[in-house]
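Chains as they are written, first to last, in the working numbering: chain F, 428 to 786; chain U, 428 to 786.
Okay, so here's the structure we're looking at.
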């Protein structure tokens with residue numbers, strides 16, 4: 428981040444120093460950093476459609492982010508005792524070593540059971556309008572409570588067992604008491620609050636953000652070309668805003684149905700005919716690292732994915748060349764995972780009171 | 428480490444400054460740091476029986492440790508693509524967030540299958556005379572090759588598939604070529620070499636090491652009392668040396684058979700009658716964090732564990748008080764896990780050539 432800011436600062440400095448010499452008609456056509464009129468147009472258009480990631484993700488009033496809460500949430504995120512078996516943590520399926528996903532079609536949970544949908548990355552997830560593929564939970568707090576109790580995933584029979592385990596560990600008791608108010612700070616809401624606070628730190632700024640912030644040289648000419656195509660082909664109808672996705676729901680198969688029609692999407696939540704095959708539009712940040720693709724994880728190749736999107740959503744047969752250029756742009760959104768999040772916490776030990784793992 | 432050295436340095440400085448005033452007969456009985464003659468005797472005895480951990484674990488000539496090799500090994504250690512399912516890494520069962528173990532009776536491998544023995548901690552494992560509970564492999568290099576191909580664990584059908592996956596990832600190809608010589612640097616021996624080099628960095632110095640290095644105040648009076656008991660009760664017959672264990676084989680049940688007689692230990696390797704129920708003596712470093720105990724992981728309480736050891740190995744019925752004191756000492760061997768090892772590596776992405784995970 429510092430490095431990027433330095434580069435950005437240096438660019439501004441160069442601009443100020445040489446600016447005086449450059450205020451000529453020629454400058455308007457070809458700036459000091461080699462920007463052509465088309466480049467400027469693309470950057471302005473991009474700045475209108477997308478938004479750079481904030482340095483810190485805004486928190487809801489009910490769950491303000493504090494440094495202590497983030498550290499507690501990080502421990503819980505990495506703690507396999509949140510699963511019945513004692514071996515599955517949030518990080519098992521949202522592995523920060525692989526960009527917050529697990530790179531398998533559908534995650535392997537308790538007893539290696541598979542769920543029906545691909546695990547979306549946890550990175551930048553707090554920027555989405557809602558959580559899960561079908562948007563059935565409004566925020567990170569509500570999301571965090573789901574997998575722990577899902578019999579296919581972490582398989583805890585009830586939240587009481589989660590609290591029993593945490594309450595049996597003095598270090599956790601102390602930390603919850605420091606972070607949260609109330610007589611019984613170790614409760615399931617607060618488990619979710621702490622995890623959500625940690626997840627709000629998972630912001631991954633990339634060169635694309637530098638570009639949106641005004642540094643036209645942050646992207647290569649090839650990446651800018653891909654970005655131009657991404658916009659001119661109307662991918663931005665759905666993939667826009669800060670997450671380049673994650674801001675709306677859309678039917679998968681607007682023009683041509685997707686090959687797998689098993690999953691009815693939001694219909695399973697709303698029972699509305701119009702919600703059949705409707706899913707939350709995924710964010711494309713770090714997309715080249717969070718394969719395989721789509722809600723069912725059935726497509727592994729990012730190029731095939733882009734092609735399918737063009738065909739099924741836009742009715743456009745993208746050429747191999749166009750697909751390749753768009754993918755080059757997509758890769759420029761691969762960001763930096765915060766260093767502190769990657770540092771494994773040393774977990775507090777269980778006691779003789781802690782309920783044992785079960786399979 | 429720095430902090431400990433500073434404290435140690437400060438202690439020496441205090442000793443030098445006040446030493447001149449203290450060279451009296453009284454000093455011999457009660458030194459400037461409050462050491463009593465018994466304390467001195469215990470420390471000397473401990474220094475004769477145990478050895479402090481080295482800062483760097485010595486490497487075999489055939490696999491010298493280099494910084495690049497350690498970083499490559501760390502990536503492989505955390506990479507779940509070393510398993511058929513794509514979700515089990517070395518760190519799944521030897522989780523560095525929980526002192527290199529998984530805190531379950533027996534690990535859950537491919538399809539949640541369980542093995543027959545408790546996963547020993549990877550921390551300081553390079554100090555042991557051999558690897559696995561039965562010592563069937565001589566070193567970390569040979570050990571690393573086992574679980575990857577074990578159908579109950581990571582379940583890769585053969586080493587070729589491991590190499591196929593790694594070879595399909597350009598970043599890995601490049602790193603192997605930098606770290607290893609030869610025409611085909613990405614081979615199964617080198618996978619093991621890199622992982623072993625990383626594991627040799629997993630040294631966890633504790634206050635007990637400071638004590639062995641001469642700082643008598645590094646342990647509390649209670650810990651010293653526990654240490655005294657540990658030695659006077661002859662626990663040190665087996666638990667000695669740098670690992671406080673890990674330096675010899677011993678029958679489990681010298682005096683009284685252990686409750687679980689199913690596992691014949693080294694007999695399964697050697698077929699010698701004398702090797703029935705013989706196991707490698709486990710290291711007691713970080714032992715209070717690496718529950719549950721024994722080769723079968725059947726005992727969760729460290730106190731019960733110490734009691735069983737006294738009864739079955741030494742024919743001694745330790746009192747509750749004695750057991751508690753020994754446990755207080757054992758906890759002083761909980762060490763610091765190296766910071767760099769705890770920092771999750773961001774793993775290089777798969778390509779369309781990479782063979783897919785399977786269950």
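Using N, Cα and C, we set each Cβ at its ideal position, and we do this for glycine too.
Verify whether the separation of the beta carbon atoms of residue i and residue j is less than 8 angstroms.
i: residue 624 of chain U; j: residue 637 of chain U; result: no
i: residue 513 of chain F; j: residue 631 of chain F; result: no
i: residue 411 of chain F; j: residue 606 of chain F; result: Because chain F is modelled from 428 through 786, residue 411 of chain F falls outside the range shown and cannot be assessed.
i: residue 555 of chain U; j: residue 710 of chain U; result: yes
i: residue 472 of chain F; j: residue 639 of chain F; result: no
i: residue 529 of chain F; j: residue 557 of chain F; result: no
i: residue 676 of chain F; j: residue 739 of chain F; result: no
i: residue 478 of chain F; j: residue 770 of chain U; result: no
i: residue 651 of chain U; j: residue 466 of chain U; result: yes
i: residue 782 of chain U; j: residue 576 of chain U; result: no
i: residue 692 of chain F; j: residue 705 of chain F; result: yes
i: residue 799 of chain U; j: residue 768 of chain F; result: In this structure chain U extends from 428 to 786, so residue 799 of chain U is not present and cannot be described.
i: residue 687 of chain F; j: residue 723 of chain F; result: yes
i: residue 590 of chain U; j: residue 500 of chain U; result: no
i: residue 527 of chain F; j: residue 497 of chain F; result: no
i: residue 392 of chain F; j: residue 531 of chain U; result: Residue 392 of chain F is absent from the structure shown; chain F starts at 428 and stops at 786.
i: residue 503 of chain F; j: residue 618 of chain F; result: yes
i: residue 733 of chain F; j: residue 745 of chain F; result: yes
i: residue 509 of chain F; j: residue 537 of chain F; result: no
Tell me, please, whether the CB atom of residue i is closer than 8 angstroms to any CB atom in chain F?
i: residue 486 of chain U; result: no
i: residue 686 of chain U; result: no
i: residue 770 of chain U; result: yes
i: residue 747 of chain U; result: no
i: residue 779 of chain U; result: yes
i: residue 732 of chain U; result: no
i: residue 590 of chain U; result: no
i: residue 788 of chain U; result: Residue 788 of chain U is absent from the model: chain U starts at 428 and stops at 786.
i: residue 668 of chain U; result: no
i: residue 530 of chain U; result: yes
i: residue 773 of chain U; result: yes
With a cut-off of 8 angstroms, does the C-beta of residue i fall near any C-beta of chain U?
i: residue 632 of chain F; result: no
i: residue 406 of chain F; result: In the structure as shown, chain F begins at 428 and stops at 786. Residue 406 of chain F is therefore absent and cannot be evaluated.
i: residue 786 of chain F; result: yes
i: residue 714 of chain F; result: no
i: residue 513 of chain F; result: yes
i: residue 519 of chain F; result: yes
i: residue 539 of chain F; result: yes
i: residue 727 of chain F; result: yes
i: residue 752 of chain F; result: no
i: residue 578 of chain F; result: no
i: residue 718 of chain F; result: yes
i: residue 430 of chain F; result: Caution applies to residue 430 of chain F, whose pLDDT of 49 falls short of 50 and renders its modelled position unreliable; the value that the coordinates give is listed next. So, not an interface residue.
i: residue 441 of chain F; result: In this prediction, residue 441 of chain F has a pLDDT of 44, which is less than 50 and means its spatial position is unreliable; nothing more can be read from the coordinates.
i: residue 599 of chain F; result: no
i: residue 475 of chain F; result: no
i: residue 743 of chain F; result: no
With DSSP as the reference, identify every bridge partner of residue i, one or two as the case may be.
i: residue 522 of chain F; result: F:528
i: residue 699 of chain U; result: In the DSSP output, where bridge partners are listed per residue, residue 699 of chain U has none listed.
i: residue 541 of chain F; result: F:535
i: residue 676 of chain U; result: U:707
i: residue 471 of chain F; result: In the DSSP output, where bridge partners are listed per residue, residue 471 of chain F has none listed.
i: residue 726 of chain U; result: U:720
i: residue 770 of chain U; result: F:770
i: residue 692 of chain F; result: F:705
i: residue 787 of chain U; result: No information on residue 787 of chain U is available, as it lies outside the stretch 428 to 786 that chain U covers here.
i: residue 558 of chain U; result: U:564
i: residue 477 of chain F; result: F:668
Inset, instruction - Could you pull out every unbroken alpha helix (DSSP H) segment of at least 4 residues lying fully inside the segment 631-671 of chain F, listed in chain order? - result: 634-639 and 648-659
Legend entry - Entirely enclosed alpha helix (DSSP H) segments - the segment 577-616 of chain F, minimum 4 residues: 586-594 and 597-606
Inset, instruction - Taking 8 angstroms as the threshold, find out whether the segment 486-494 of chain U comes into contact with the segment 666-686 of chain U through three or more Cβ pairs. - result: no
Legend entry - the segment 583-602 of chain F contacting the segment 713-730 of chain F, beta-carbon criterion three pairs below 8 angstroms: no
Inset, instruction - Would you be able to state if there are at least three C-beta pairs under 8 angstroms between the segment 684-698 of chain U and the segment 659-669 of chain U? - result: no
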